[in-house]
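Chemist: Read in order, the letters of the sequence shown correspond to residues -23 to -1, 1 to 184 in mature numbering (1 follows the signal peptide of the UniProt record, and there is no 0).
Where a beta carbon is used, it is the ideal one built from N, C-alpha and C, also for glycine.
Keep in mind the model is a prediction, meaning the values are calculated, not measured.
Starting off with a structure, shown below.
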Amino acid sequence: MVSTGMIASLALAGAACINHVEGHTYLTQPLAEFKKGASKSSWVAEFPPPWSGTFRTGAQYAAVAPKKGYKDLKSFLDSKGPTCGNTLSNAKAKAIPKDGMLKFASSMEHPGPCEIWLGNTRAFHNDDCEKTFGSATSFKIDFSACKGNCMLRFYWLGLQDGGKRWQSYKNCIPLSGSGSSSSSASKKKKSSKSKLRSLEEIDELTL
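As C-alpha cells, this is what we get:
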C-alpha cells in the first residue's frame, strides 16, 4: 500500500524535476518564437563531456576547446541539437532593439560560455555568462553587423552537475532593419554638438 507521505514525496520530486528541465532561459527581446508545443526553456541536446578533464567553469572549457579545433562556441554547438533549437527561423522578423539591449526570460543559471551571432558575424562572446552577469537578465550588444536583415543566433553551453552533463541551448530570431553601435551613436551626438558650437560661433561673429 502506498502511503500519503510517499505520494507527497513523489509529487515534490516530480515538481523538482519539472523545474530542473524548465528553469532555463530564452530571448524575449527580440522575442524568440517557438515551434508549436515545444518547450521554450529546455536544452536541445544533453551529452557527457567529450574530453577528459574537469569542466566546472566556463574558463576550463575555454582553455581546452581551441586545442580541440573549436574557434568559437557556435562551431562546437552546431552539431549539438537542431540548428535553431526549438525556435522558428522563419518567424516574422523582429525589429532591432533601439536601445541595443538583449533581454532574457531569466538569468543563465549554469556556468558556461554564451555567444550572439548576427548573420556570419560574432557580435558577442563571454567565457562564463553566469559568472559575468549573475542574476541579470539583460545586456547590451553592438547590432551594427546587421545591415538590412539578418538572423540573430543565441548559443549557450550549460555545464551541469559540476561539468558532468553538458547542455546545448539555441535560439534563432530573424531581424529587420539596420543596427548601429553605441560608439557610432556617441560619435553622432558629439558631431551634432560640435556643429551646434560652430553655428553659435558664427552667430557671435556676425553680431
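(1) Alpha carbon to alpha carbon, how far is residue 105 from residue 20? Give it in angstroms, no decimals.
(2) Check whether the Cβ atoms of residue 32 and residue 140 sit closer than 7 angstroms, and answer yes or no.
(3) Is it right to say residue 85 is buried, meaning 16 or more other beta carbons lie within 10 angstroms of its own, or is it exposed?
(4) If you check the beta carbons only, do residue 51 and residue 10 fall under 7 angstroms apart?
(5) Please confirm whether residue 131 and residue 148 have their CB atoms less than 7 angstroms apart.
(6) Please report the Cβ distance between residue 152 and residue 143, rounded to the nearest whole angstrom; I am assuming they are in contact, meaning their Cβ atoms lie under 8 angstroms.
(7) CB-CB under 6 angstroms to residue 17, same chain, minus the five flanking residues each way: which ones, in chain order?
(8) Using a Cβ-Cβ cutoff of less than 6 angstroms, which residues in the same chain neighbour residue 112 once the five nearest sequence positions on both sides are dropped?
(9) Once you ignore the five residues that flank residue 166 on each side, which residues in its own chain have a CB closer than 6 angstroms to its CB?
(10) Out of 15, 79, 154, 42, which one is the CA nearest neighbour of residue 124?
(11) Using only CA atoms, which one of 78, 82, 8, 44 lies nearest to residue 100?
(12) If you run the structure through DSSP and keep just helix, strand and coil, what is residue 43?
Modeler: The short version:
(1) For residue 20 and residue 105, the distance between alpha carbons rounds to 17 angstroms.
(2) yes
(3) buried
(4) no
(5) Yes; because the gap between Cβ atoms is below 7 angstroms, this pair is in contact.
(6) Under the criterion of beta carbons closer than 8 angstroms, residue 152 and residue 143 do not qualify as touching, at roughly 29 angstroms.
(7) 3, 11
(8) The residues are 84.
(9) Reliability fails at residue 166, whose pLDDT of 46 lies under 50, so the model's placement of it is uncertain and the value that follows must be treated cautiously. Nothing meets the Cβ criterion.
(10) 154
(11) 78
(12) helix
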